[in-house]
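2 protein chains.
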Amino acid sequence: MSNPNDPIVVWHQQAVSRDDRAQLNNHRGCVVWFTGLSGCGKSTVANLVDRKLYERGVRSYVLDGDNVRHGLNATPQMLAERYDEQFGARFGLGFSQQDREENIRRVGAVAGLLCDAGLVTLTAFVSPFRADRDSVRASLPAGDFFEVFVDASLEVCESRDPKGLYKKARAGEIAHFTGISSPYEPPEQAELVLDANDLSPEELADLVIQKLIETGKIR
Amino acid sequence: MSNPNDPIVVWHQQAVSRDDRAQLNNHRGCVVWFTGLSGCGKSTVANLVDRKLYERGVRSYVLDGDNVRHGLNATPQMLAERYDEQFGARFGLGFSQQDREENIRRVGAVAGLLCDAGLVTLTAFVSPFRADRDSVRASLPAGDFFEVFVDASLEVCESRDPKGLYKKARAGEIAHFTGISSPYEPPEQAELVLDANDLSPEELADLVIQKLIETGKIR
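Those protein sequence lines, which keep their order, are chains A and D. Following our numbering, the numbering of the first sequence begins with 2 at its first residue and continues without gaps. Following our numbering, the numbering of the second sequence begins with 2 at its first residue and continues without gaps.
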């Protein structure tokens, strides 16, 4: 360990710390975890918050099904094209209980990396199970996890049904569909609860920004 | 689609583009993919580059075994504590050919997200197989993948052996060890080849910075 070229020694001397990154960005990284039924507006609100943060000069990023399910957490079918059926099935993630759990675990791990890199990381996944969300919370430094419950009733979500998923779930074409054939466990101590039955996405996004300012996450 | 509150419409109007992020940061995101034998200095050089970029005001981040193998790509043993043996074995990644391939695939997917978020993303993995690295390259927008071959001889790497892995591999305690019992396929068209037999990590890091400036990735 006395050799100045020793990789381990050099690493520790030179690493960029979270404090360094916070100084460069003028804010710290954190994870804003949106949770709620399909169609409640998570992705819409997260993207509006992303835009509003951008306009304030805050570095942020949205993780949602669009950019995760086609890459990192691809389905068994997608990965079978790359590997073979056996390994596609092993590495790919479907929609069983364990697969959804692993989906959220991986998203949590990536959100943790983005947070460590200094970004205000906005995640938009149904993430219906309390234990899974609590595991992500526990994996992050205290105070870095910001749980936002986008609270819209099943009736409101089903009437919107932007992707036609409720219709398919009611017809029995989608198994384990949250709210229909699989439970949603609302947060018990969310940092923020958004009334998505009555307020517009714009208004909800403003409430998130306000909360981030109040809690000192951004200026 | 005519309702202004429609989630899909709002999303497309409001999303922050890569150009937007590049304008805020004064540089675009890209992936600088370090590859080479264990002990060649990938992680050391990547962390030095990270530090040098930070000092230039460039947003960057290092992905390496330290922050990926304990979270996103945890081993079967680590995940068996969380799930059970069956699902730990399914979701965890060991060191077989397919598991290493999937390890690199996931790292490539995460690097792609960090790149999309605007960061100069530095990855430090042995990544011995050409096909795996080429898959990551193909998954990114043209020109965003920057392959850096950290070229040190097996003799040099084995004499350093910072983690004692070569000793274990020679003793037969580690299977599929690159350079000993598993091949390393050097890049055929790397954007940069670093002579890690003769130059110091400092000098190699400076060459990476120089290349990033020459190719217009940073200023």
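Each residue gets a CB set at the ideal place from its N, CA and C atoms; glycine is no exception.
Beta bridge counterpart(s) of residue i as assigned by DSSP
i                       : result
glutamate 148 (chain D) : D:Trp34
serine 61 (chain A)     : A:Val121
threonine 179 (chain D) : D:Ser183
aspartate 196 (chain A) : A:Asp152
Backbone CA spacing between residue i and residue j [nearest angstrom]
i                           : j                          : result
glycine 165 (chain A)       : proline 129 (chain A)      : 19 Å
isoleucine 181 (chain D)    : phenylalanine 96 (chain D) : 14 Å
cysteine 31 (chain D)       : glutamate 156 (chain A)    : 43 Å
phenylalanine 146 (chain D) : alanine 90 (chain D)       : 32 Å
serine 160 (chain A)        : aspartate 135 (chain D)    : 45 Å
lysine 218 (chain A)        : valine 69 (chain A)        : 25 Å
cysteine 158 (chain D)      : threonine 179 (chain D)    : 11 Å
proline 187 (chain A)       : serine 140 (chain D)       : 36 Å
glutamine 78 (chain A)      : alanine 176 (chain D)      : 30 Å
serine 154 (chain A)        : tyrosine 84 (chain D)      : 31 Å
lysine 43 (chain D)         : alanine 125 (chain D)      : 5 Å
proline 5 (chain A)         : glutamate 203 (chain D)    : Confidence at proline 5 (chain A) is low in this model, with a pLDDT of 41, below 50, so its placement is unreliable and no value can be given for it.
valine 108 (chain A)        : phenylalanine 88 (chain D) : 17 Å
aspartate 51 (chain A)      : lysine 168 (chain D)       : 49 Å
asparagine 26 (chain D)     : valine 17 (chain D)        : 13 Å
tryptophan 12 (chain A)     : arginine 106 (chain A)     : Residue confidence is low: tryptophan 12 (chain A) scores 44 on pLDDT, short of 50, so the model does not pin down where it sits. Its coordinate-derived value is still stated next. The alpha-carbon atoms of tryptophan 12 (chain A) and arginine 106 (chain A) are separated by roughly 28 Å.
aspartate 162 (chain D)     : threonine 76 (chain D)     : 23 Å
leucine 94 (chain A)        : glycine 66 (chain A)       : 12 Å
alanine 81 (chain A)        : glutamine 211 (chain A)    : 45 Å
glutamate 148 (chain D)     : valine 209 (chain D)       : 11 Å
glutamate 86 (chain A)      : threonine 122 (chain A)    : 34 Å
valine 127 (chain D)        : phenylalanine 92 (chain D) : 21 Å
alanine 197 (chain D)       : cysteine 41 (chain D)      : 7 Å
asparagine 104 (chain A)    : aspartate 199 (chain D)    : 44 Å
glutamine 98 (chain D)      : glutamate 174 (chain D)    : 17 Å
alanine 191 (chain A)       : arginine 220 (chain D)     : 42 Å
aspartate 7 (chain D)       : aspartate 133 (chain D)    : The pLDDT assigned to aspartate 7 (chain D) is 47, lower than 50, so where the model puts this residue is not dependable; a value taken from the coordinates is nonetheless given after this. Cα-Cα distance, rounded: 40 Å.
aspartate 235 (chain A)     : threonine 45 (chain D)     : Because chain A here runs from 2 to 220, residue 235 (chain A) falls outside it and cannot be looked at.
serine 201 (chain A)        : serine 201 (chain D)       : 57 Å
alanine 47 (chain A)        : alanine 47 (chain D)       : 32 Å
leucine 193 (chain A)       : leucine 193 (chain D)      : 48 Å
Burial state of residue i, where buried means 16 or more other Cβ atoms lie within 10 Å
i                       : result
alanine 143 (chain A)   : exposed
proline 184 (chain A)   : exposed
serine 3 (chain D)      : Because the pLDDT at serine 3 (chain D) is just 36, under 50, the model does not fix this residue reliably, and the value given afterwards should be weighed accordingly. It counts as exposed.
glycine 58 (chain D)    : exposed
threonine 216 (chain D) : exposed
histidine 28 (chain A)  : buried
alanine 23 (chain D)    : exposed
alanine 118 (chain A)   : buried
asparagine 74 (chain A) : buried
alanine 172 (chain D)   : exposed
aspartate 100 (chain D) : buried
Reference residue i; option with closest CA among the options
i                       : options                             : result
valine 137 (chain A)    : A:Ala23, A:Lys168, A:Arg22, A:Thr36 : A:Thr36
leucine 120 (chain A)   : A:Thr216, A:Ile210, A:Ser61         : A:Ser61
leucine 213 (chain D)   : D:Lys53, D:Lys169, D:Gln24          : D:Lys53
glutamate 102 (chain A) : A:Arg131, A:Tyr55, A:Leu200         : A:Arg131
alanine 110 (chain A)   : A:Arg171, A:Trp34, A:Ala197         : A:Trp34
glycine 113 (chain D)   : D:Asp152, D:Val63, D:Asp67          : D:Val63
alanine 206 (chain A)   : A:Leu38, A:Leu49, A:Arg19, A:Asp20  : A:Leu49
glutamate 189 (chain D) : D:Thr45, D:Asp152, D:His71, D:Tyr55 : D:Asp152
leucine 257 (chain D)   : D:Thr45, D:Phe150, D:Phe92          : This structure gives no information on residue 257 (chain D), because the portion of chain D shown stretches from 2 to 220.
glycine 72 (chain D)    : A:Arg19, A:Leu115, A:Gln99          : A:Leu115
alanine 170 (chain A)   : A:Ser39, A:Asp20, A:Arg19, A:Asp21  : A:Ser39
tyrosine 55 (chain A)   : D:Arg19, D:Val46, D:Ala47, D:Glu56  : D:Arg19
Residue i at chain C interface by Cβ criterion, 8 Å
i                    : result
valine 157 (chain A) : Judged by its chain identifiers, the structure shown contains no chain C, and its protein chains are A and D.
| said: So if I threshold CB-CB distances at 9 Å, which residues from the region 129-145 of chain D count as touching chain A? | reply: Ser136, Ser140
| Residues of the region 40-58 of chain D whose Cβ lies closer than 7 Å to any Cβ of chain A, in chain order | Gly42, Ser44, Thr45, Asn48, Leu49, Asp51, Arg52, Tyr55, Gly58
| request: Residues of the region 98-111 of chain D with a CB closer than 7 Å to any CB of chain A: list them in chain order, please. | output: Gln99, Glu103, Arg107, Ala110, Val111
| field | the region 176-210 of chain A: positions lying closer than 7 Å to chain D by Cβ | value | Ser201, Pro202
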